[in-house]
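Everything on this sheet refers to the single structure shown next.
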Amino acid sequence: MYALSRLTAMYLARRVIDNKLHYILCESYDNGVCLTNRDLVALGSRPEKYIMYGGGSSFSIDECLLDRLMHLGVTASYEEIEQFFLPFLDPYIRVKISPFCDRSRYRSWRPMTAAVKAKVLEQTHVIDRRRIHYLRFGQVDQRRLDNSVTLYKQLLDKSRDELEQLMIAQEQDLSPAEYKRYIFTIFDLQRFFTESYARSMPHILNQEKLDQYFLQEVCRLDKDDAFWQGLDRQKRLSPYLVRYLVMFFDYDFPGSESWNDFARLFEESRRNSRRNLGTSKMSINAASTVFGVSRTKLAAMDKKQLTALYRKKAHKLHPDKGGDHDLFIELTAAYNELLRGRR
13 MYALSRLTAM YLARRVIDNK LHYILCESYD NGVCLTNRDL VALGSRPEKY IMYGGGSSFS
73 IDECLLDRLM HLGVTASYEE IEQFFLPFLD PYIRVKISPF CDRSRYRSWR PMTAAVKAKV
133 LEQTHVIDRR RIHYLRFGQV DQRRLDNSVT LYKQLLDKSR DELEQLMIAQ EQDLSPAEYK
193 RYIFTIFDLQ RFFTESYARS MPHILNQEKL DQYFLQEVCR LDKDDAFWQG LDRQKRLSPY
253 LVRYLVMFFD YDFPGSESWN DFARLFEESR RNSRRNLGTS KMSINAASTV FGVSRTKLAA
313 MDKKQLTALY RKKAHKLHPD KGGDHDLFIE LTAAYNELLR GRR
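Going by this note's numbering, the letters in the sequence shown line up with residues 13 to 355, in that order.
So this is what it looks like as structure tokens:
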């Protein structure tokens, strides 16, 4: 799938073994058919044990580890091996040497030709481009995805395992509040919805349909042989996809747990509305009328049930769906009031 500019390349893999994070030095290589990977040295859960300190800010990598890599036929330079251990350095030394570690900023930059740009787009998978684009810019709207071709050069000449490890490393910078929005973006789930707010407010979309479309896209990617080329896979779902199931189903969109962002948006409309809704708290009787359920049933609902009811009603009343603007504001105000005190 990829045109090679190198024969082999090392990378650091993170894998959970017996519920504990372990690190493994791996290598991507061309097996004559495609790029694949192999494990080189298991570093265990504490790679820092292979760092030897010599006083001051000096350090070196354990000679025994270097010998093992040499016997395995690894041709990487000492500097290339050293970079994998920099994150595990003593924090004080890491700060002292950091100005000397980022050598990439001294490399000359050359504009990409149209032919090179076309090659990059042809030889990279759209899922990888979406991931890198979001991780770099944090944008849900990816209609200009293919305008950032230079960013995707880092995806070339890597095995599937190395690419997934690259993504895992960069995804460490995501906050849990971003997880579901990230998944929504990289699987391009907004394309299944026609609502004008699909990109800006995905948490108000029909969540059951969203779940179905997500699972559909996960299954589609799982069966994409070109995507998984070179990776030794089991018959079950790849752990690289399982992590996205966890991100999607165990977390929610930013602010959607209490819908604070959405409520704030319509509180502003509420204050500016011609209809005077007052500033006093809404009674349970008034909220019951707005939601169209009995007071007893409404009072017995937990937070999850209340949110599900709100979403159902919001779909019918949202102005973009032809609903009544003022009733939608009342619904949002009632929902925001009822959330207080619920877990």
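All residues carry an ideal CB built from backbone N, CA and C; glycine is no exception.
Small disclaimer: the values here were computed from a predicted structure and weren't measured.
DSSP three-state assignment for residue i, whether helix, strand or coil
i: residue 348; result: helix
i: residue 1; result: Past the boundaries of the shown model lies residue 1; the chain is included only from 13 to 355, so the question cannot be answered.
i: residue 64; result: strand
i: residue 38; result: strand
i: residue 22; result: strand
i: residue 319; result: helix
i: residue 51; result: strand
i: residue 233; result: helix
i: residue 152; result: coil
i: residue 161; result: helix
i: residue 248; result: coil
i: residue 328; result: helix
i: residue 33; result: strand
i: residue 58; result: coil
i: residue 27; result: strand
i: residue 217; result: coil
i: residue 209; result: coil
i: residue 288; result: Here the model assigns residue 288 a pLDDT of 44, short of 50, so the residue's position is not dependable, and the following value carries that caveat. If DSSP states are grouped into helix, strand and coil, residue 288 belongs with coil.
i: residue 169; result: coil
i: residue 243; result: coil
i: residue 336; result: coil
i: residue 76; result: helix
i: residue 204; result: helix
i: residue 265; result: coil
Where the alpha helix (DSSP H) containing residue i begins and where it ends
i: residue 259; result: 251 to 261
i: residue 185; result: Here residue 185 belongs to no alpha helix (DSSP H), and DSSP marks it neither H nor E.
i: residue 193; result: 191 to 198
Residue i burial status per 10 Å Cβ neighbour count (16 or more: buried)
i: residue 87; result: exposed
i: residue 84; result: exposed
i: residue 49; result: buried
i: residue 297; result: exposed
i: residue 192; result: buried
i: residue 151; result: exposed
i: residue 65; result: exposed
i: residue 190; result: buried
i: residue 348; result: buried
i: residue 177; result: buried
i: residue 70; result: exposed
i: residue 154; result: buried
i: residue 216; result: buried
i: residue 306; result: exposed
i: residue 194; result: buried
i: residue 25; result: buried
i: residue 171; result: buried
i: residue 116; result: The predicted model places residue 116 with a pLDDT of 49, which falls under 50 and marks its position as unreliable, so this point remains unresolved.
i: residue 289; result: A caution first: residue 289 carries a pLDDT of 41, below 50, which makes its placement in the model unreliable, though a value can still be read off. It is exposed - the Cβ of residue 289 has fewer than 16 other Cβ atoms within 10 Å.
First through last residue of the beta strand (DSSP E) which encompasses residue i
i: residue 308; result: Looking at the DSSP string, residue 308 is not in any beta strand (DSSP E); the run it does join, the alpha helix (DSSP H), is 307 to 312.
i: residue 301; result: Run containing residue 301: none in the beta strand (DSSP E); it sits in the alpha helix (DSSP H), 296 to 303.
i: residue 71; result: 70 to 73
Closest residue to residue i among the options (Cα-Cα distance)
i: residue 30; options: 38, 57, 46 and 214; result: 57
i: residue 323; options: 140, 149 and 214; result: 214
i: residue 321; options: 178, 302, 21 and 336; result: 302
i: residue 73; options: 81, 63 and 145; result: 63
i: residue 43; options: 351, 244 and 187; result: 244
i: residue 316; options: 219, 211 and 181; result: 219
i: residue 380; options: 67, 266, 27 and 70; result: Since the first residue shown for the chain is 13 and the last is 355, residue 380 is missing from the structure and cannot be characterised.
i: residue 232; options: 201, 343, 168 and 242; result: 201
i: residue 135; options: 161, 168 and 106; result: 168
i: residue 351; options: 340, 319, 341 and 102; result: 319
i: residue 225; options: 236, 328, 246 and 197; result: 197
i: residue 143; options: 157, 131, 130 and 132; result: 157
i: residue 325; options: 128, 311, 308 and 300; result: 300
i: residue 310; options: 337, 346 and 67; result: 346
i: residue 127; options: 147, 162, 206 and 75; result: 162
i: residue 230; options: 257, 209 and 211; result: 257
i: residue 104; options: 67, 265 and 133; result: 67
i: residue 140; options: 240, 184 and 308; result: 240
i: residue 39; options: 173, 122 and 91; result: 173
i: residue 203; options: 222, 266 and 255; result: 222
i: residue 123; options: 160, 344, 111 and 82; result: 160
i: residue 131; options: 249, 96, 148 and 165; result: 165
i: residue 92; options: 111, 21 and 100; result: 21
CB contact below 8 Å: residue i versus chain B
i: residue 217; result: Going by chain labels, chain B is absent from the structure shown, which holds only one protein chain.
Q) Which runs of the alpha helix (DSSP H) fall wholly inside the stretch 93 to 145 and span at least 4 residues, in chain order? A) 103 to 109 and 126 to 134
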